[in-house]
Amino acid sequence: QQPVQSPQAVILREGEDAVINCSSSKALYSVHWYRQKHGEAPVFLMILLKGGEQKGHEKISASFNEKKQQSSLYLTASQLSYSGTYFCGTETPGGKLIFGQGTELSVKP
Amino acid sequence: DAGVIQSPRHEVTEMGQEVTLRCKPISGHNSLFWYRQTMMRGLELLIYFNNNVPIDDSGMPEDRFSAKMPNASFSTLKIQPSEPRDSAVYFCASRLQGISTGELFFGEGSRLTVL
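Just so you know, the protein sequences line up as chains L and C, in that order.
Adding 612 to a residue's 1-based position in the first sequence gives its number in my numbering.
Adding 49 to a residue's 1-based position in the second sequence gives its number in my numbering.
Written as structure tokens, this is what we have:
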């Protein structure tokens, strides 16, 4: 079952904040976040593990609510370079990693 | 170190032809994934391997699709016969999966157009 992301798209001005949400109906082992620029491959941002451990970039933060199987990605003081499509990936204990439909983020000057 | 290498980068073929996409994962990685990306369906997982063994192929659309990983440094995704609805970008990704989960490293993708 594919995770559900919201919103589907968001437009920001430089310096504004955004939150992208991801929810799953399955018990999760971890949640991954990736960003994809147009015409390029997805690039890793962060992993959130069951139990609270996080691995990823210092400037990006995220949360993982294990009980609700939900995760949120927080983008603060957005820059033009933040533009792209953000994907959450949910991983089940067997190592299967599936992605949501993506959230398209546009940052305008 | 070289990243995940995919070939071909672009393929245009006619309906009914066989298509073979290739992937070389990052050396030392033990887990390999094949994804398909379209505007309508997003990034779909087709199949993944751990230590060269297929673990879950439930995302493979139908019998026309097959994937192999004969060794730790090579995988193929084959479509036979191809159809226009197979047109998409196909990504291969690899990672080191151990006691803890690891990040996925994606190849640049193979853009397939079936006429």
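Each residue gets a CB set at the ideal place from its N, CA and C atoms; glycine is no exception.
| field | Nearest-angstrom Cα separation, counted from Gln620 (chain L) out to Pro133 (chain C) | value | Along the second sequence, read from residue 1 onward, the residue named residue 133 (chain C) stands at position 84. Along the first sequence, read from residue 1 onward, the residue named residue 620 (chain L) stands at position 8. Their backbone Cα atoms lie some 27 Å apart in a straight line.
| query | How about Gly91 (chain C) and Phe154 (chain C): are their beta carbons less than 8 Å apart? | reply | As a first step, residue 91 (chain C) must be located in the second sequence, where it is residue number 42. As a first step, residue 154 (chain C) must be located in the second sequence, where it is residue number 105. For Gly91 (chain C) and Phe154 (chain C), no; Cβs fall outside 8 Å.
| Residues that Tyr641 (chain L) contacts on chain C, provided the C-beta gap is smaller than 7 Å | Along the first sequence, read from residue 1 onward, the residue named residue 641 (chain L) stands at position 29. Ordered by position in chain C, the residues that pass the 7 Å Cβ test against Tyr641 (chain L) are Thr150.
| request: Give the residues from the stretch 693-716 of chain L that approach chain C closer than 9 Å (Cβ to any Cβ), ordered along the chain. | output: Flagged, chain order: Phe699, Gly701, Glu703, Gly706, Gly707, Lys708, Leu709, Ile710, Phe711, Gly712, Gln713, Gly714.
| message | With a threshold of 7 Å on Cβ separation, who are the neighbours of Pro57 (chain C) within its own chain once the five nearest residues in sequence on each side are excluded? | response | To locate residue 57 (chain C), count along the second sequence from 1; it is residue 8. Non-local C-beta neighbours of Pro57 (chain C) in its own chain, meaning closer than 7 Å and more than five positions away in sequence, comprise Ser159, ordered along the chain.
| Would a C-beta distance cut-off of 8 Å place Ser683 (chain L) and Ser673 (chain L) closer than the cut-off? | Indexing the first sequence from 1 puts residue 683 (chain L) at position 71. Indexing the first sequence from 1 puts residue 673 (chain L) at position 61. No, the Cβ-Cβ distance between Ser683 (chain L) and Ser673 (chain L) is not below 8 Å.
| query | With burial defined as no fewer than 16 other Cβ atoms inside 10 Å of the residue's Cβ, what is the status of Pro599 (chain L): buried or exposed? | reply | Residue coverage of chain L in this structure runs from 613 to 721, which leaves residue 599 (chain L) outside it and unanswerable.
| Which residue or residues does DSSP assign as beta-bridge partners of Glu716 (chain L)? | Walking along the first sequence from the start, residue 716 (chain L) turns up at place 104. For Glu716 (chain L), which the question treats as bridged, DSSP gives the partners L:Ala621, L:Thr697.
| Asn101 (chain C) versus Ser124 (chain C) - alpha carbon distance | Within the second sequence, numbered from 1, the residue matching residue 101 (chain C) stands at position 52. Within the second sequence, numbered from 1, the residue matching residue 124 (chain C) stands at position 75. Straight-line Cα distance between these residues: approximately 9 Å.
| Cα separation between Ser143 (chain C) and Glu626 (chain L)? | Within the second sequence, residue 143 (chain C) is the residue found at index 94, counting from 1. Within the first sequence, residue 626 (chain L) is the residue found at index 14, counting from 1. Taking the straight line from one Cα to the other gives about 34 Å.
| query | Nearest to Lys680 (chain L) by alpha carbon, out of L:Lys638, L:Ala689, L:Ile659? | reply | Sequence index remark: in the first sequence, residue 680 (chain L) carries index 68 (1-based). Nearest C-alpha to Lys680 (chain L) among L:Lys638, L:Ala689, L:Ile659: L:Lys638.
| Per-residue burial, Tyr694 (chain L) [other beta carbons within 10 Å of its own, 16 or more giving buried] | For the purposes of this step, residue 694 (chain L) is identified with residue 82 of the first sequence, where counting begins at 1. Of the residues assessed, Tyr694 (chain L) falls on the buried side of the cut-off, its CB having 16 or more other CB atoms within 10 angstroms.
| Within 8 Å of chain L by C-beta, residues of the stretch 76-92 of chain C in sequence order | From the stretch 76-92 of chain C, only Ser80, Phe82, Tyr84, Gly91, Leu92 have a Cβ closer than 8 Å to chain L.
| field | Bridge-paired residues (DSSP) for Leu94 (chain C) | value | On the second sequence, residue 94 (chain C) is found 45 positions in, with the first residue counted as 1. Per DSSP, the beta bridge partners of Leu94 (chain C) are C:Tyr84.
| said: Would Gly156 (chain C) pass as an interface residue toward chain L - the criterion being a Cβ-Cβ separation below 8 Å? | reply: For this step, residue 156 (chain C) is matched to residue 107 along the second sequence. In terms of beta-carbon proximity, Gly156 (chain C) lines the interface with chain L, with at least one pair separated by less than 8 Å.
| task | Please confirm whether Met89 (chain C) and Leu164 (chain C) have their CB atoms less than 8 Å apart. | result | Counting from 1 along the second sequence, the entry for residue 89 (chain C) is found at position 40. Counting from 1 along the second sequence, the entry for residue 164 (chain C) is found at position 115. Against a cut-off of 8 Å, the Cβ pair of Leu164 (chain C) and Met89 (chain C) comes out as no contact.
| said: Please tell me whether Gly706 (chain L) and Ile96 (chain C) are closer than 8 Å, where the distance is taken between their beta carbons. | reply: Sequence index remark: in the first sequence, residue 706 (chain L) carries index 94 (1-based). Sequence index remark: in the second sequence, residue 96 (chain C) carries index 47 (1-based). Not closer than 8 Å, so no.
| said: Counting C-beta neighbours from all protein chains within 10 Å, is the total for Pro721 (chain L) 16 or more, i.e. buried, or is it exposed? | reply: Translated into the one-based positions of the first sequence, residue 721 (chain L) becomes position 109. By the 10 Å Cβ count, Pro721 (chain L) comes out exposed.
| request: Excluding the 5 residues preceding and the 5 following Asn725 (chain L) in the sequence, name in chain order all residues of the same chain whose CB lies nearer than 6 Å to its CB. | output: With chain L running from 613 to 721 in the structure shown, residue 725 (chain L) is simply not present.
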